[in-house]
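Remarks on the structure that follows.
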Amino acid sequence: MLHCLRAALLDPAAAAASSHHSGSGRHGVKVTHMDELDEVAARHFRDTQAAAVSVSGRSLPLLYKLVSSLVAPPHRQTLLVLDLDGRFDATRLTCGADDLRHVYVQRPARSSPEHLRALVADAEGFMLYDAAAQASRSRQWWGTVVVGGLGAGDITAGWNGWLRVDRDQVQAFALGMSADEALAQRDARQEAVDAAGWAATSPWGGFVFHEG
1 MLHCLRAALL DPAAAAASSH HSGSGRHGVK VTHMDELDEV AARHFRDTQA
51 AAVSVSGRSL PLLYKLVSSL VAPPHRQTLL VLDLDGRFDA TRLTCGADDL
101 RHVYVQRPAR SSPEHLRALV ADAEGFMLYD AAAQASRSRQ WWGTVVVGGL
151 GAGDITAGWN GWLRVDRDQV QAFALGMSAD EALAQRDARQ EAVDAAGWAA
201 TSPWGGFVFH EG
């Protein structure tokens with residue numbers, strides 16, 4: 001299937017048909033069904049007229065949560081991940097195996113923003129019309145997630161995104177605590193760090209989320 005996808009990405013004929021079919025998504029922010037993210041993205045779009053959600057920092061946990069949610073019930077959509085960095089690990093997705101089949105991951109060579117936009121357009125055409133994507137034909141096409149590149153995609157993850165993701169803060173050790181006391185609390189503190197979740201922040205607002 002990925003071989004067919006690579007072939008389709010080289011065929012510019014699909015782009016025009018794709019643009020006609022899914023053009024309505026180009027004029028506003030794509031709904032992610034993560035309410036807090038959608039609210040922040042709407043405020044950003046109102047101020048900037050830029051529809052893409054651009055994520056920086058520790059972006060992958062947010063992408064895993066988003067992709068898992070979009071393809072699983074009740075949404076049951078299909079999408080494409082263009083992984084320019086080779087960092088997207090599909091085993092981190094929490095959706096079931098049947099839904100995982102509708103996440104298409106492609107790892108093209110690094111390219112210019114113009115070439116990346118062409119890849120996104122051609123990939124949409126593949127998803128909508130190519131026989132290799134027939135298994136996902138009954139699902140609504142959501143869009144594209146681009147990891148490691150800017151200039152195209154509905155969600156992009158790069159070094160300078162306007163929405164930054166970091167580990168949520170955990171209360172520091174108390175002042176005056178001895179080294180022995182800190183060592184005794186090490187395991188409990190690590191559990192607190194692991195359970196803390198992730199904080200997404202931006203000038204347009206933020207939220208805390210947990211993977212899974």
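Counting from 1, one number per residue, gives the positions in the sequence shown under full-length UniProt numbering.
Built from N, CA and C at the ideal position, the CB exists for glycine as well.
Source: prediction; values computed, not measured.
Would you mind sorting residue i into buried or exposed? The rule is 16 or more other CB atoms within 10 Å of its CB.
{"i": "residue 143", "result": "buried"}
{"i": "residue 149", "result": "buried"}
{"i": "residue 183", "result": "exposed"}
{"i": "residue 91", "result": "exposed"}
{"i": "residue 44", "result": "buried"}
{"i": "residue 26", "result": "Note that residue 26 scores 46 on pLDDT, short of 50, meaning its location in the model is unreliable; the coordinates nonetheless yield the value given after this. Flag for residue 26 reads exposed."}
{"i": "residue 133", "result": "buried"}
{"i": "residue 52", "result": "buried"}
{"i": "residue 122", "result": "buried"}
Can you list, in chain order, the residues of its chain with a C-beta nearer than 6 Å to that of residue i? Leave out the 5 residues immediately preceding and following it.
{"i": "residue 6", "result": "Unreliable positioning characterises residue 6 in this predicted model, as indicated by a pLDDT of 37, which lies under 50. The coordinate reading is nonetheless provided below. So the list is empty, once near-sequence residues are dropped."}
{"i": "residue 214", "result": "Residue 214 is absent from the structure shown; the chain starts at 1 and stops at 212."}
For residue i, verify whether its CB is less than 8 Å away from any heavy atom of the ligand ADP.
{"i": "residue 47", "result": "With respect to small molecules bound, the structure shown includes none, and the ligand ADP cannot be examined in it."}
So which of the options has the shortest CA-CA distance to residue i?
{"i": "residue 49", "options": "56, 58, 67 and 30", "result": "30"}
{"i": "residue 158", "options": "59, 139 and 201", "result": "59"}
{"i": "residue 160", "options": "169, 147 and 167", "result": "147"}
{"i": "residue 155", "options": "196, 79, 47 and 75", "result": "79"}
{"i": "residue 96", "options": "51, 69, 115 and 140", "result": "69"}
{"i": "residue 100", "options": "118, 117, 124 and 72", "result": "72"}
{"i": "residue 135", "options": "47, 76 and 145", "result": "76"}
{"i": "residue 98", "options": "56, 111, 119 and 139", "result": "139"}
{"i": "residue 47", "options": "35, 178, 56 and 28", "result": "28"}
{"i": "residue 103", "options": "137, 178, 118 and 38", "result": "137"}
{"i": "residue 128", "options": "117, 118 and 141", "result": "141"}
Ordered along the chain, which non-local residues of its own chain (more than five positions away) have a Cβ less than 8 Å from that of residue i?
{"i": "residue 40", "result": "163, 200, 202, 204, 205, 206 and 207"}
{"i": "residue 198", "result": "58, 61, 62, 165, 166, 167, 168, 208, 209, 210 and 211"}
{"i": "residue 56", "result": "157, 158, 159, 160, 161, 162, 163, 164 and 165"}
{"i": "residue 196", "result": "167, 168, 169 and 170"}
Could you pull out every residue in the same chain whose Cβ sits closer than 7 Å to the Cβ of residue i, ignoring the five residues on either side in sequence?
{"i": "residue 86", "result": "107"}
{"i": "residue 65", "result": "209 and 211"}
{"i": "residue 93", "result": "64, 67, 68, 100 and 103"}
Pop quiz: residue i and residue j are said to be a contact at Cβ under 8 Å. What is the actual Cβ separation, rounded to whole angstroms?
{"i": "residue 83", "j": "residue 105", "result": "6 Å"}
{"i": "residue 113", "j": "residue 153", "result": "Contact flag wrong, Cβ pair sits at about 10 Å."}
Flag this pair as yes or no: are the beta carbons of residue i and residue j separated by less than 9 Å?
{"i": "residue 145", "j": "residue 81", "result": "yes"}
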